[in-house]
Each structure stands twice: as structure tokens, then as C-alpha cells.
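1 is the number of the first residue of the sequence shown in full-length UniProt numbering; add one for each residue after it.
Ideal Cβ positions, reconstructed from N, Cα and C, are used throughout, including at glycine.
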Amino acid sequence: MDCRRNSEDELKGIWQSWDEAKKTRFQEKYGDVAQLLFVKLQDALLKAMVCFGDPTYRCFTFNEVDIVLTIKEYSTLLLYDFRDPLRRYWKLNVDFWRPLANLMGVPVDTVKVRLKDKNGHCISWSDIRDAIGKASGDRHLALFAFAVYRLIVFPKALGYVSVELANFLFQIEKGVNPAPTVLVETIISLYFIRRKGDKCFLGCAQLLFVWMKSHFRCLYKRFRQVFVPSTKPIDEFLETKWPPNQSIEEWFQNLSTLTYQEIEWRAPWMIRSTGGSFGSGPEILEEIGRDTNQLGSKLEIAIKNLFQPFPLRNIYPVALKKKQNLCVNAI
1 MDCRRNSEDE LKGIWQSWDE AKKTRFQEKY GDVAQLLFVK LQDALLKAMV CFGDPTYRCF
61 TFNEVDIVLT IKEYSTLLLY DFRDPLRRYW KLNVDFWRPL ANLMGVPVDT VKVRLKDKNG
121 HCISWSDIRD AIGKASGDRH LALFAFAVYR LIVFPKALGY VSVELANFLF QIEKGVNPAP
181 TVLVETIISL YFIRRKGDKC FLGCAQLLFV WMKSHFRCLY KRFRQVFVPS TKPIDEFLET
241 KWPPNQSIEE WFQNLSTLTY QEIEWRAPWM IRSTGGSFGS GPEILEEIGR DTNQLGSKLE
301 IAIKNLFQPF PLRNIYPVAL KKKQNLCVNA I
């Protein structure tokens, strides 16, 4: 598996040139997505963990432990404040040229001339970079978020930004939770790698890496045990001292022999209570039903089309698989 990466140095330079007030303003509008620029990937871990992906159950199966990507974990990592976690992104069939032109501060005709076909209408990063340099105020922040989301979170075309992302950005500004869309792109790409033999991962590798690595013990005591909305998990992750990097063979061996005791559960509902058990079955089933029944069309259709479905009424905290320790969470 290869992780598609755009150049991060220029975006890092822009972020580091801002004062704290400007960074705070950006985080209030767009969450902690800019911190993904500073995540140093370990390709060996990502390549090893993909081998353990289970497209049918939508989880990673490591020996006796199954771990599931969840909306709430991704929402917390992105610093979405859960004002309305059920507000999902809906892709609209509208003309994005004029909104993009307004965002860049150029005429509509200029945008049309600069568009390239990269599996959809795209505009080059160099054009966005020039617009960022000339913009100010909220438009400057919006253009930076626009670049980060396409170049880092949705890196489908190297060096290019999809014009459709403008609508996604506008919906985030209105309080839409970006996590379900980011998560479904990750699931789709993992599916094509496992089932179709694709070699390039088109999801957000940085976010997947932070999520996975956070399940292992670290050497920094201040790293919080649980992901909760009021924290900044990515900031804490970056400040954490982790064990030395390992080769893909070492990671494969570790993951294939992983035990329940070696996992650090980060989702609040996965932490064992004083009685030594997880949250009750009805709580977990209610969580699954609530999140699954109210998903936006893109997430719901993608999951139904890509994976073998199994009815919610047959889901139990302990799955009907050969393994003994599988807790099913809402995606």
C-alpha cells in the first residue's frame, strides 16, 4: 500500500506564520485539521495494519482483538465540538464555479480557464496558494482549510484541489460534521485495497495513523486515556513520546499476536467500568441504531454498496465470530 502525499511544507509554513489568535480563530471554524500537517507517518504500521482489514465486518482483526473506526472517535480527533453530531454532509448537484471564484477572489471565467480534469474538475494547488497569499480575514482561513482538506484529508489528485470541495467546506462552516465523510472515504479506499487489489490509499493517512497508534501504550503520562470532545487529542499525540519505529515485519508480527491487554481503548464507551465489563448491550445497540438510522445519504449508500450487510437486530456486544472479544460500535 502506498499513501498518496502532497507537499506539506508550504502549508506548514503558512500555519507557522500565523499568530495564536489567528490559529485559534481557524480552529473555532474548522477544528484541528491543520495539526494533521505535523503528523509524521510510519508507513510500516499502515502497511501492516491494512493486511488485517476485514471489509465484511468493517473492522481491523488483530488476533483476538477487533478494532472499529467510529464517527465519534474521528469527530473528536478533528476537534468537532458535537454541537449537532447528526448533521452530515450532503453532496449537492450545483455549480461550484461561482462560489469558488468568490472564495479565490477572481472572476468566474478565470476559474473555468484554470480547471483541469483529474477524475473531476480540479484546480491546481499553485492557483490556490497564490489566492491564499492575496486573501485576508476569513477568506484567508477558508482558502487554507480548502487546501488542507483536499491535499491532506482527501488526496486523490496530487497537486490539485477538487472544486466540489468548496461546497463541503461551506457546509463545515455551517456546522456540518466532517468526520462521517472523512471516515467513509477511508473505508472505501481500504475496501478497494483489500478486495480489488488497489495499491494506493486515498483516505487521510495521517488521521488513520493517529487513530491506530493511539491504541498502543505511550511513554507520555499526560496523553489522555479517553478521547473526549473537550480535549485536543492530535496535539497531545504530537507531544507524546512513542516507542521507536518498527519495520513492517515487526509490526505484522506484533499485530498478529495482539492481545486484549495490550490495547489502550480511547473511545469513552470502550473503557471498562469498575466491574470489569464494557457498557451494557442495550447502550451499545442504541448507539448503533441511532447513528446508523440517521446517516447522510453518501455514508449510508457507500456502506450498503461496498460491504456485505448484516442486520442490526443480530448485532451483539460479543460478535458471532470465532473470536471472543469483539465489541461492535457505530461506524
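Per DSSP, what kind of secondary structure is residue i in: helix, strand or coil?
i, result
"H121", "strand"
"S17", "coil"
"T70", "coil"
"D54", "strand"
"V182", "helix"
"K116", "strand"
"V65", "strand"
"Y160", "strand"
"F144", "helix"
"F60", "strand"
"F201", "strand"
"G31", "coil"
"A101", "helix"
"Y260", "helix"
"Y191", "helix"
"T231", "coil"
"W265", "coil"
"W242", "coil"
"E10", "helix"
"D127", "helix"
"A166", "helix"
"Y149", "helix"
"V210", "helix"
"D95", "coil"
What does a CB cutoff of less than 6 Å around residue i pick up in its chain, not counting 5 residues either side in sequence?
i, result
"Q16", "none"
"residue 345", "Shown here, the chain extends from 1 to 331; a query on residue 345 therefore has no answer."
"K12", "L37"
"K156", "L202"
"E10", "none"
"I172", "P178"
"W251", "A44, L45, A48"
"R114", "I123, D127"
Straight-line CA distance for residue i to residue j?
i, j, result
"R150", "Y160", "8 Å"
"D19", "R25", "10 Å"
"I128", "M104", "7 Å"
"E262", "N102", "51 Å"
"D66", "W211", "14 Å"
"K213", "L190", "17 Å"
"A205", "L238", "15 Å"
"I187", "V111", "32 Å"
"H140", "Q246", "40 Å"
"K174", "K29", "9 Å"
"A21", "E264", "34 Å"
"N254", "G133", "46 Å"
"K47", "D54", "14 Å"
"E8", "D43", "16 Å"
"H215", "Q27", "25 Å"
"E249", "P243", "16 Å"
"A131", "D138", "13 Å"
"V108", "K118", "20 Å"
"P309", "V106", "Note that P309 scores a pLDDT of 33, beneath 50, so its modelled location is shaky and nothing firm can be said."
Buried or exposed for residue i, going by 16 or more other Cβ atoms inside 10 Å?
i, result
"T259", "exposed"
"T56", "exposed"
"residue 333", "Residue numbering for the chain in the displayed model covers 1 to 331; residue 333 lies beyond these limits and cannot be assessed."
"S136", "exposed"
"E185", "buried"
"V182", "buried"
"V39", "buried"
"P233", "buried"
Should residue i be counted as a contact of the ligand SAM given a C-beta to heavy atom distance under 6 Å?
i, result
"V163", "With respect to the ligand SAM, the structure shown offers nothing to examine, as it has no ligands at all."
Within its chain, find whatever has a CB closer than 8 Å to the CB of residue i; leave out the 5 residues flanking it on each side and keep chain order.
i, result
"S256", "F52, F62, N63"
"L165", "F146, Y149, R150, F154"
"K23", "W15, A34"
"K116", "C122, I123, S124, Y160"
"V50", "M1, L190, I193, R194, F201"
"I152", "N6, E8, L11, V33, L36, L37, C204, Q206"
"D235", "D32, Q35"
Might you give, ordered along the chain, the residues of its own chain that have their beta carbon closer than 7 Å to the beta carbon of residue i, omitting 5 neighbours on each side?
i, result
"A179", "I71, Y74, S75, L78, Y80"
"L41", "C3, A205, Q206, F209"
"G120", "S162, E164"
"L169", "A142, A145, F146, Y149"
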